[in-house]
Amino acid sequence: MPSDIKYISIKLTITSKLQEFSFSKECSFILGYSAMEDSYASEIERKELLQKKHYFFLNELQQMARELPSKYQQRVPYDLLSGLAHALLDGTVFEIVQGLSEVQHLEEKSLFNQRVKQTNDHKAQKHEMTKKHKELLQACENKPHNLPLVQAQVDREREIMNKRIEEESKKKDIKTIMELDQKVMDQQVTLEKAGVPGFYVTNNPAEIRLQIYLLEFIVRLRNTELPT
Numbered sequence: 061m062p063s064d065i066k067y068i069s070i071k072l073t074i075t076s077k078l079q080e081f082s083f084s085k086e087c088s089f090i091l092g093y094s095a096m097e098d099s100y101a102s103e104i105e106r107k108e109l110l111q112k113k114h115y116f117f118l119n120e121l122q123q124m125a126r127e128l129p130s131k132y133q134q135r136v137p138y139d140l141l142s143g144l145a146h147a148l149l150d151g152t153v154f155e156i157v158q159g160l161s162e163v164q165h166l167e168e169k170s171l172f173n174q175r176v177k178q179t180n181d182h183k184a185q186k187h188e189m190t191k192k193h194k195e196l197l198q199a200c201e202n203k204p205h206n207l208p209l210v211q212a213q214v215d216r217e218r219e220i221m222n223k224r225i226e227e228e229s230k231k232k233d234i235k236t237i238m239e240l241d242q243k244v245m246d247q248q249v250t251l252e253k254a255g256v257p258g259f260y261v262t263n264n265p266a267e268i269r270l271q272i273y274l275l276e277f278i279v280r281l282r283n284t285e286l287p288t
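Numbering (the numbering used here), first residue to last: 61 to 288.
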């Protein structure tokens, strides 16, 4: 084959390869651009969905806030409700509140059972003492001269027991209140760390009452079906 023909053949081959490469690059660019467009469109749809969700939550929260006593309505301004609606968007706060509610239920049940046990123990102690006193008084039927002393003993022991039971019950109630206060503080810390507006550590009764209302809002929203 003459050299000029070989040269033409090589040139045509190179040109063909360059055209293939160019076409490949163009296809790759078009496909990449298409993927970017899809991703961008998907991101827009996601933002629009979140916006609609936020609007729905905010509208529901505003309606709930109107149901509160007037003195608490002033404590839930638009910014607080909007921030709360935003915090609920990804569903994490719903899960946190559900978890806290379950833990609280178990702890309250445990405290209640402890109180019931103490009450039953006290009843059993009183029953035993009453039985003992009845026997002592019956024994005085044959020895009536002993009755005043025995009656004084019975009254004294009953008074001592009643006083002891009252003190034990009071101590138990105080301990229970302290434990519940600690649980409230733990919940406040958890929700504050989660970035839920309106939650911070406080022992102010009015502020705690407001936080309870906000928790009720969250629970109600969790059980509300989102519009399609």
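The beta carbon of each residue, even a glycine, is placed where N, CA and C say it ideally should be.
Check: Inter-residue CB distance, L243 and E167 (contact presumed, cutoff 8 Å); Outcome: It is Lys, not Leu, that sits at residue 243 in the sequence shown. Between E167 and K243 the Cβ distance is about 6 Å, and since that is below 8 Å, they are a contact.
Check: Contacting residues, own chain, Cβ-Cβ under 7 Å from H182 (five flanking each side not counted); Outcome: I225
Check: Residue burial classification, L281 (beta-carbon count within 10 angstroms, cutoff 16); Outcome: buried
Check: Local conformation of Q134 per DSSP, three classes; Outcome: coil
Check: Cβ-based burial, Q111 [other Cβ within 10 Å; buried from 16]; Outcome: exposed
Check: Beta carbon of L274 nearer than 8 Å to that of F116; Outcome: no
Check: Short Cβ contact (8 Å threshold) for T284 with E120; Outcome: yes
Check: DSSP-derived helix/strand/coil call for Y115; Outcome: helix
Check: The stretch 146–157 touching the stretch 184–198, judged by at least three CB pairs closer than 8 Å; Outcome: no
Check: Proximal residues to K131 (C-beta, below 7 Å), its chain only, five neighbours per side dropped; Outcome: none
Check: C-alpha distance - Q178 paired with Y138, whole-angstrom precision; Outcome: 48 Å
Check: L160, DSSP secondary structure in three states; Outcome: helix
Check: Spatial distance of V214 from E227 (CA atoms); Outcome: 20 Å
Check: Unbroken alpha helix (DSSP H) run spanning L148, endpoints; Outcome: L148 -> no alpha helix (DSSP H), and no H or E assigned at all.
Check: Member of E127, N263 and Q122 whose CA lies at the smallest distance from the CA of L47; Outcome: Outside the shown range of the chain, which is 61 to 288, sits residue 47, and nothing can be said about it.
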